[in-house]
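Student: When the letters of the sequence shown are read in order and numbered with my numbering, they come out as residues 251 to 808. Note that beta-carbon positions come from the ideal geometry of N, C-alpha and C, so glycine has one too. Below are the structure tokens for one structure; questions will follow.
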Amino acid sequence: MIRLFREHETRRVYSLDGLWQLQRENRALDLRALVPGVWERLPELADWRGVATYSRNVRLEADGPVLLRFGGVSHTAEVLWDGEAVGRHYNAFTGFEVLLTQSSAGEHLLQVRVDNRFTEASTLHIPNDYMTYGGITRPVEMHLLRQARIAHMTFRAEETDAGSFSVSLEVELQALADCGPMLLSACVAGTGVECDVLPLRRGEIKTLHLSFDVNGIERWCPANPRLYTLDARLQAEGCTVDDLRDRVGFRTIKVEGTRIELNRRPVKILGFNRHEDHGQLGCAMTPELMEHDLQLMRSMGANAVRTCHYPNDARFLDLCDEMGFMVWEEHHARALPGEILRKPLFSEQIAKCNEEMIRQHANHPSICMWGVLNECETETEFGRELYARNLGQLRKLDPTRPVTFATCRHYTDLCLDLPDIVSWNIYPQWYEDEPAAEFLRRLLVWSDAHGAAGRPVLISEIGAGAIPGYHDPLRRGKWSEERQADILRDQLRAVLADKRVSGVFIWQFADVRVDEEWAMRRPRTMNNKGVVDEYRRPKMCCEAVRDLFTRESGGNNK
Ligand code: ADA
């Protein structure tokens with residue numbers, strides 16, 4: 251299922267996860283592949299970059315509207331229902347829906363034509379320092395609908411001076427047939443509201459705004475990640491037409507001068523960058539493995555995770571909500587070259603990614619900041635305009651969270667006055683020779699003089715590489731686990747000791763596969779900077795991370 255909890259009580263939902271037929275383009279291979287999954291797991295498609303079609307039959311008991319929900323398809327999907335194209339979606343890392351307004355009872359053929367090629371049409375997916383897998387990589391569901399549906403809810407809660415929260419709820423309804431008057435009710439933390447819905451014509455979409463106060467709630471925070479169920483119900487003539495649940499939290503995240511405050515108290519971010527990737531499963535990870543990742547991070551004293559470099563699986567965010575991790579979620583753009591950033595199609599695809607990310611994930615209390623454009627062009631006037639536009643779009647879509655971007659344009663960045671939080675990617679003693687403490691001090695002085703003054707600073711990446719199992723205890727050469735531990739220890743000490751820095755995300759949690767085009771820069775065709783390897787076996791540096799993070803948090807993040 252797409253989420254880790256039941257989103258609907260009365261709406262009928264069927265999981266379409268399991269074995270599907272898989273046909274590779276231009277070659278007759280009769281394969282079966284697990285959904286969710288990456289096709290690279292099948293020996294026949296281990297290195298296939300191209301098009302392949304997933305097929306399965308579905309049975310409908312009755313006529314009526316049907317909603318197909320996809321958590322994620324990597325990276326372009328064309329959905330066919332009985333051979334007819336009914337939907338299309340680009341981008342591996344956001345979900346999408348296909349609404350079939352009138353389907354008939356009986357057996358139907360559902361097909362998804364998946365393309366993971368790097369082409370002109372896919373500006374966000376280029377050969378990169380992580381792998382673009384192929385397949386239906388996140389769960390799929392089929393929902394049977396009635397005359398109207400609750401299409402979406404946005405929950406916002408703002409703390410008032412009296413210590414209570416004022417809730418504003420935006421509920422989007424969609425009529426699938428002509429509807430008479432209906433009643434919408436919503437309830438959270440024991441407080442409920444109702445709202446009359448005037449008759450709607452078939453196809454009409456109506457957004458309702460509800461606001462109310464709630465008292466006596468427990469705030470969400472890493473030490474007490476208290477979640478509440480938000481329950482909405484749509485009724486007509488006393489019968490429930492549709493319902494929708496979400497899990498929400500009450501907390502405030504704000505920037506106050508140079509501090510990041512959670513529930514009005516300064517927080518120190520001790521985090522990891524984490525790609526969705528696993529040695530065996532690729533990016534299609536199971537909830538058990540996601541939870542294991544978070545447990546491992548917690549055992550090293552972390553309280554935060556950055557979803558580099560794209561929106562994550564909703565189930566991972568559900569786990570962060572439950573386990574109390576603060577999340578930096580970012581849209582999908584890693585070090586894109588200038589010629590891509592200047593394409594009109596890029597502007598369109600990144601704007602859509604922003605919209606989808608916020609629409610799909612804004613209710614997660616764990617998300618504490620949004621990020622854009624990792625290591626893109628912040629050193630030019632064109633880049634300034636690009637960053638301003640993207641940060642502006644996120645602020646408009648969600649005014650409740652700080653926005654940031656991770657930059658590596660040391661001493662050339664022109665955009666440091668644009669975000670709420672300034673974030674630096676630095677690799678002293680790995681890519682740069684200078685010792686960590688000096689490197690950091692010099693950079694922070696420069697960055698305060700060039701726009702960062704008065705804002706919080708995060709170190710969004712530090713790290714070093716080690717090939718798992720390669721030891722060199724005396725010489726401590728690069729790529730040995732010993733050298734990685736030495737470098738990371740020095741970097742972390744410098745960063746944690748610097749009062750100007752509000753926190754750090756280590757690059758990176760686990761080793762990840764990279765696209766073939768990066769092979770000559772990346773031993774094993776992997777980015778080997780993980781503190782654990784791709785199967786989550788700890789490298790030597792884990793001990794240093796655990797010691798330093800735990801000392802910094804006073805053991806409170808464990
Ligand atoms: C960058 C980038 C990461 C990764 C890292 C590295 O800072 O943001 O995606 O490529 O460098 O390993 O070099």
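How would you call A398, buried or exposed, if buried means at least 16 neighbouring beta carbons within 10 angstroms?
Tutor: If you number the sequence shown from 1, residue 398 lands on position 148. Around the Cβ of A398, a 10 Å sphere holds 16 or more other Cβ atoms; the residue is buried.
Student: Helix or strand or just coil, what does DSSP make of L544?
Tutor: Here residue 544 refers to the residue found at position 294 when the sequence shown is read from its first residue. Under the three-state reduction of DSSP output, L544 falls in the helix class.
Student: Using C-beta distances below 7 Å, list every residue in its chain close to S730, excluding the 5 sequence neighbours before and after it, in chain order.
Tutor: The residue given as residue 730 occupies position 480 in the sequence shown. Hits under 7 Å: A716, Y720, H721 and D722.
Student: So, using beta-carbon positions, are Q643 and G713 closer together than 8 Å?
Tutor: The residue labelled residue 643 in the question sits at position 393 within the sequence shown. The residue labelled residue 713 in the question sits at position 463 within the sequence shown. In this structure, G713 does not lie closer than 8 Å to Q643 by Cβ.
Student: Under the three-state reduction of DSSP, which class applies to R291: helix, strand or coil?
Tutor: Working through the sequence shown from its first residue, we reach residue 291 at position 41. Three-state DSSP puts R291 in a helix.
Student: Helix, strand or coil: how does DSSP classify H611 here?
Tutor: Here residue 611 corresponds to residue number 361 of the sequence shown, with the count starting at 1. Three-state DSSP puts H611 in a helix.
Student: Could you tell me which of L666, G621 and E711 sits nearest to L520, measuring between CA atoms?
Tutor: Residue 520 sits at position 270 when you count from the first residue of the sequence shown. For the residues L666, G621 and E711, the minimum Cα distance to L520 belongs to E711.
Student: Buried or exposed for A554, please, with buried defined as at least 16 other CB atoms from any protein chain shown within 10 angstroms of its CB.
Tutor: By one-based count along the sequence shown, residue 554 stands at place 304. The residue is buried, with at least 16 neighbouring Cβ atoms inside 10 Å.
Student: How about R763: is its Cβ closer than 7 Å to a heavy atom in ligand 1?
Tutor: Indexing the sequence shown from 1 puts residue 763 at position 513. No, since every heavy atom of ligand 1 falls outside the 7 Å radius drawn around the Cβ of R763.
Student: Where R222 and K602 are concerned, what is the direct C-alpha to C-alpha distance, given to the nearest angstrom?
Tutor: Residue 222 lies beyond the range of the chain shown here (251 to 808); nothing can be said about it.
Student: Roughly how many whole angstroms lie between the Cα atoms of L317 and R787?
Tutor: Position 67 of the sequence shown holds residue 317. Position 537 of the sequence shown holds residue 787. Straight-line Cα distance between these residues: approximately 41 Å.
Student: Identify, in the order they occur along the chain, each residue of the same chain with its Cβ nearer than 6 Å to the Cβ of R338, setting aside the five sequence neighbours on each side.
Tutor: For the purposes of this step, residue 338 is taken as residue 88 along the sequence shown, with counting starting at 1. Hits under 6 Å: E328.
Student: Within 8 Å, do at least three Cβ pairs link the segment 743-763 to the segment 546-566?
Tutor: yes
Student: Once you ignore the five residues that flank I608 on each side, which residues in its own chain have a CB closer than 6 Å to its CB?
Tutor: Here residue 608 corresponds to residue number 358 of the sequence shown, with the count starting at 1. The answer, listed in chain order, is L647 and D648.
Student: Express the C-alpha separation of L724 and L567 in angstroms, rounding to a whole number.
Tutor: Taking the first residue of the sequence shown as 1, we reach residue 567 at position 317. Taking the first residue of the sequence shown as 1, we reach residue 724 at position 474. So the alpha carbons of these two residues sit roughly 42 Å apart.
Student: With H, G and I counted as helix, E and B as strand and the rest as coil, what does DSSP make of C618?
Tutor: Within the sequence shown, the letter at position 368 stands for residue 618. C618: strand per DSSP, three-state reduction.
Student: Counting only runs that start and end within the segment 476-530, where is the beta strand (DSSP E) found for 3 or more residues in a row?
Tutor: 478-486, 489-498, 503-506, 509-512 and 519-523
Student: Relative to the C-alpha of E454, which candidate in F462, Q424 and D446 has its C-alpha closest?
Tutor: Here residue 454 refers to the residue found at position 204 when the sequence shown is read from its first residue. Ranking the options by Cα distance to E454, first place goes to Q424.
Student: Around the C-beta of M770, are 16 or more other C-beta atoms found within 10 angstroms, so that it is buried, or is it exposed?
Tutor: Here residue 770 refers to the residue found at position 520 when the sequence shown is read from its first residue. M770 is exposed by the Cβ-count criterion.
Student: Which partner residues of G333 appear in the DSSP bridge assignment?
Tutor: For the purposes of this step, residue 333 is taken as residue 83 along the sequence shown, with counting starting at 1. In DSSP, G333 forms no bridge with anything.
Student: Rounded to the nearest angstrom, what separates T628 and P678 at their Cα positions?
Tutor: The sequence position of residue 628 within the sequence shown is 378, counting from 1. The sequence position of residue 678 within the sequence shown is 428, counting from 1. Each residue's Cα considered, the two are about 20 Å apart.
Student: Going by C-alpha to C-alpha distance, which of A686, C558 and E275 sits closest to L295?
Tutor: On the sequence shown, residue 295 is found 45 positions in, with the first residue counted as 1. If we check each option's Cα against that of L295, E275 comes out closest.
Student: Name the two residues that bound the continuous beta strand (DSSP E) containing A283.
Tutor: Numbered from 1 along the sequence shown, position 33 holds the residue referred to as residue 283. In the DSSP assignment, A283 falls within the unbroken beta strand (DSSP E) covering L281 to V285.
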